[in-house]
Ligand code: URP
Ligand code: ZN
Ligand code: ZN
Ligand code: ZN
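Numbering (UniProt numbering), first residue to last: 1 to 467.
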């Protein structure tokens, strides 16, 4: 039995167009669009009609960087796949790509199986996986080929965190060479972790233990150096490269230069680098710990380069790097030693709203909002046009967005499983009203109507983003 929904009267915004159109959904997919009021639109019939007059109709957000239940620093990120995907839906995101972890001494397969077990049957929205490669060896390299065939087509490596996730340049080069052959995309955490560890040790020896020193030792220059090195290694390997969580002006400069040379090099930044700064890391009474993540928050002056990069397409994607740890009981682990504060910030629920605010603030256009939050991540990670747009044949992952509703971000009202908001008290205009995932109502006029297990694993093709 077919089920149809029609969304009438909204402004449909995609990365390429803005049009007042009615959207017909059939069996979980977009069946047709027609300009509102035309005979073609009037001919749409459906069991369910959603009135979107005065609202935006946008593709569900694609957050290509989350860490549900990530083990880090002796604890686990506090959102499960159930709580984290529900919060994502509240924030207008209908697809996440989370990072499965290979532990040193174990296979990629074991790591991937573990992540499937965590997510399977628990997600409110669709999900895919990247694979964190912590141990490059002959076996791992062969496994990368199999993962690409299974739809896990991107691999994160770390130039930071020696002794945990860290890979040396030789391991990175070998993984890049493999991805050049099998079509995989290497995602790089670009910070010189060896040098940073020296600076951490020196800072602690001087008695500099507060959260703000996290930002001081993880220097912008060491992000830029690692970004430069990753670009050169990728060039030698003949592989594309995607640099995650770019925060420093100097790193954007490296990406822009490489792109000017025509290299297939891409960059992601995150809302925390666009909206927060070292001022937050310096908040008193250990409150700065709430803002400890890596790469770290930077002085406010760096934000202009990130916004410019997003406008000039030197940065293509905004993901959250959602990796929440509660202030009480988790961030606490680093009292008296900033290097023991679990790294990561919550944000999966906030991204679409913060970027809409950026539209109102004049940083980006409406269509660029949808491009960096929906279409480009879907393309970058092989899910377009199934995800990331509203077009016939696409999954009916659709958000009805009220561009005029005002809200105040707060831990009191958010749905993420974490005891603070990184944006506590921030006023934004624009709010998610209704969310459909493959045609099914997950949020209905600000009520949760979804269910755990609706979301399914989404195998991905290789990167479709080559300019
Ligand atoms: O601080 C962060 N970003 N935590 C998550 C792990 C990572 O490096 O992405
Ligand atoms: Zn990282
Ligand atoms: Zn991350
Ligand atoms: Zn369902």
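Glycine is no exception: its CB is placed at the ideal position from the N, C-alpha and C atoms.
All values reported here derive from a predicted model rather than from experimental measurement.
Nearest to residue i (by Cα), restricted to the options the options
i, options, result
"residue 268", "56, 66 and 17", "66"
"residue 350", "87, 132, 315 and 187", "87"
"residue 437", "427, 425, 456 and 171", "456"
"residue 36", "404, 29, 57 and 48", "57"
"residue 25", "390, 85, 362 and 252", "390"
"residue 143", "461, 107 and 170", "107"
"residue 76", "399, 375, 287 and 331", "331"
"residue 408", "430, 419, 192 and 394", "430"
"residue 290", "343, 434 and 231", "343"
"residue 40", "382, 21 and 416", "21"
"residue 337", "208, 191 and 300", "208"
"residue 174", "235, 114, 205 and 329", "235"
"residue 158", "238, 178, 149 and 131", "131"
"residue 44", "16, 17, 7 and 69", "7"
"residue 381", "109, 450 and 127", "127"
"residue 118", "69, 102 and 146", "69"
"residue 165", "263, 194 and 124", "194"
"residue 167", "109, 102 and 297", "102"
"residue 200", "214, 192, 187 and 191", "214"
"residue 181", "64, 227, 240 and 197", "240"
"residue 278", "265, 286 and 297", "297"
"residue 109", "454, 261, 288 and 148", "148"
"residue 465", "51, 205 and 313", "313"
"residue 468", "233, 227 and 48", "Residue 468 falls outside the range modelled here, since the chain spans only 1 to 467, and no answer is possible."
"residue 172", "198, 233 and 205", "233"
"residue 225", "205, 198, 197 and 191", "191"
Within 9 Å, strictly: CB atoms of residue i and residue j
i, j, result
"residue 322", "residue 359", "no"
"residue 134", "residue 185", "no"
"residue 356", "residue 403", "yes"
"residue 79", "residue 324", "yes"
"residue 310", "residue 368", "yes"
"residue 203", "residue 216", "yes"
"residue 139", "residue 129", "no"
"residue 94", "residue 46", "no"
"residue 376", "residue 316", "yes"
"residue 62", "residue 378", "yes"
"residue 421", "residue 151", "no"
"residue 414", "residue 346", "yes"
"residue 249", "residue 220", "yes"
"residue 105", "residue 463", "no"
"residue 400", "residue 59", "no"
"residue 334", "residue 211", "yes"
"residue 468", "residue 30", "The requested residue 468 is not part of the displayed model; the chain covers only 1 to 467."
"residue 247", "residue 302", "yes"
"residue 365", "residue 161", "no"
"residue 92", "residue 361", "no"
"residue 452", "residue 122", "yes"
"residue 64", "residue 97", "yes"
"residue 83", "residue 416", "yes"
"residue 396", "residue 28", "yes"
"residue 443", "residue 52", "no"
"residue 426", "residue 275", "yes"
"residue 156", "residue 72", "no"
"residue 387", "residue 374", "yes"
Which residues DSSP lists as bridging residue i, in chain order
i, result
"residue 437", "440"
"residue 322", "66 and 345"
"residue 156", "132 and 187"
"residue 20", "11"
"residue 26", "4 and 29"
"residue 151", "Residue 151 pairs with nothing; no bridge assigned."
"residue 44", "Bridge partners of residue 44: none, in fact."
"residue 61", "93"
"residue 50", "7"
"residue 99", "130"
"residue 76", "71"
"residue 35", "21"
"residue 497", "Any answer about residue 497 is impossible in this case: the structure gives the chain only from 1 up to 467."
"residue 457", "127"
"residue 56", "11 and 401"
"residue 448", "443"
"residue 317", "268"
Uninterrupted beta strand (DSSP E) stretches inside the region 227-285 (no shorter than 3 residues): Listed in chain order, the complete beta strand (DSSP E) runs (minimum 3 residues) inside the region 227-285 are 241-243 and 265-269.
For ligand 4, list every residue whose C-beta falls under 6 Å from any of its heavy atoms, going in chain order. Matched residues: 440, 451 and 454.
Quiz: which residues have CB nearer than 6 Å to ligand 1 non-hydrogen atoms: Here the list is 67, 189, 245, 293, 294, 321, 323, 343 and 344.
In the region 347-434, which residue ranges form an unbroken beta strand (DSSP E) of at least 3 residues, counting only runs that do not cross its ends? Taken in chain order, the unbroken stretches of beta strand (DSSP E) that lie wholly in the region 347-434 and span 3 residues or more are 398-408.
Taking only runs of the beta strand (DSSP E) that begin and end inside the region 164-209, which ones reach a length of at least 3 residues, in chain order? 185-189, all fully within the region 164-209.
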